[in-house]
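Engineer: Positions in the sequence shown are counted from 1; adding 91 to them yields the working numbering.
C-beta atoms are modelled at their ideal positions from N, C-alpha and C, and glycine is treated no differently.
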Amino acid sequence: MKKLFNENLNILDRRTSYNLGAIIFSYCKAQISKNENKFLKEQFDLIDFILKNKVYTISEKDYFDPILYVMIIEISLKLNKLNWCEKFIHSFKDRLNPVNKKNHKVLGEIFIFRHKKDFNSAFGLLSEFIPRNIQEKIYMKKVELKMHFEKNELDRVLSLIKSNKEFIKFDKNLSEFISNAFNNFLVYLKNLLI
Numbered sequence: 092m093k094k095l096f097n098e099n100l101n102i103l104d105r106r107t108s109y110n111l112g113a114i115i116f117s118y119c120k121a122q123i124s125k126n127e128n129k130f131l132k133e134q135f136d137l138i139d140f141i142l143k144n145k146v147y148t149i150s151e152k153d154y155f156d157p158i159l160y161v162m163i164i165e166i167s168l169k170l171n172k173l174n175w176c177e178k179f180i181h182s183f184k185d186r187l188n189p190v191n192k193k194n195h196k197v198l199g200e201i202f203i204f205r206h207k208k209d210f211n212s213a214f215g216l217l218s219e220f221i222p223r224n225i226q227e228k229i230y231m232k233k234v235e236l237k238m239h240f241e242k243n244e245l246d247r248v249l250s251l252i253k254s255n256k257e258f259i260k261f262d263k264n265l266s267e268f269i270s271n272a273f274n275n276f277l278v279y280l281k282n283l284l285i
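1. Could you check what DSSP says for Leu265 in three-state terms: helix, strand or coil?
2. According to DSSP, which residues form a beta bridge with Leu187?
3. What does the Cβ neighbour count give for Ser167, buried or exposed, with the cut at 16 atoms within 10 Å?
4. When you compare each of Lys152, Leu159, Met238, Ile269 to Phe135 by their alpha carbons, which one comes out closest?
5. Around the C-beta of Leu248, are 16 or more other C-beta atoms found within 10 angstroms, so that it is buried, or is it exposed?
6. Answer yes or no: do Leu236 and Leu216 have a C-beta to C-beta separation smaller than 8 Å?
7. What residue does the alpha helix (DSSP H) around Phe135 start on, and which one ends it?
What follows is the structure, given as structure tokens:
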């Protein structure tokens, strides 16, 4: 499918190209979740192709999808493509919707600092991210936990696990699905410490 996409991009309209790219991207993501890590490189190559051919949005006027923006940053850093990632952020941060542009710009910087092991700078930026919904709030809690874990601040991680379990217990805005997913993450993280 990737080969067909690459070879026929010039005859496809932008919407079809965008949708086909999204399908291939999702397939790679599904394979990665099955521990097929070779698909991480495939996913990155697809991202690079989509960006170079400007089919990352359905139309020229559309804003860059913030979830895709963050995923691209995460994927490139997992592959240790720091320079590529920094160029991507610089080139595409202004294509984000002004409503959430600052948050996603900050998140990109947090990931860069985290990748460089400059945790003080990364932690300093956490307070600049203002969650707009419960998913973003939980996402940032996970980012914070991961950074404390990577810094080997195990007492802090245990403390945050405990407080986040209380958060799950008492926050009435959490759906059962989100609550269970976050709780599973906390249980997994705690098991890594034992």
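Structural biologist: To lay it out plainly:
1. Here residue 265 refers to the residue found at position 174 when the sequence shown is read from its first residue. In this structure, Leu265 counts as coil in the three-state DSSP scheme.
2. Along the sequence shown, one-based indexing puts residue 187 at 96. Note: Leu187 sits in a beta bridge opposite Phe155.
3. On the sequence shown, residue 167 is found 76 positions in, with the first residue counted as 1. Classified as buried, Ser167 has 16 or more neighbouring CB atoms from the shown chains inside 10 Å of its CB.
4. Your numbering for residue 135 matches position 44 in the sequence shown. Minimum Cα distance to Phe135 is reached at Leu159.
5. Position 157 of the sequence shown, counting from 1, holds the residue named residue 248. Here residue 248 is Val; the residue named in the question, Leu, does not match the sequence. Taking every protein chain shown into account, the CB of Val248 has 16 or more other CB atoms within 10 angstroms, so this residue is buried.
6. What you label residue 236 is simply residue 145 of the sequence shown in a count that begins at 1. What you label residue 216 is simply residue 125 of the sequence shown in a count that begins at 1. In this structure, Leu216 does not lie closer than 8 Å to Leu236 by Cβ.
7. Stepping through the sequence shown from its first residue, residue 135 is reached at position 44. Where Phe135 is concerned, the enclosing alpha helix (DSSP H) stretches over 129-143.
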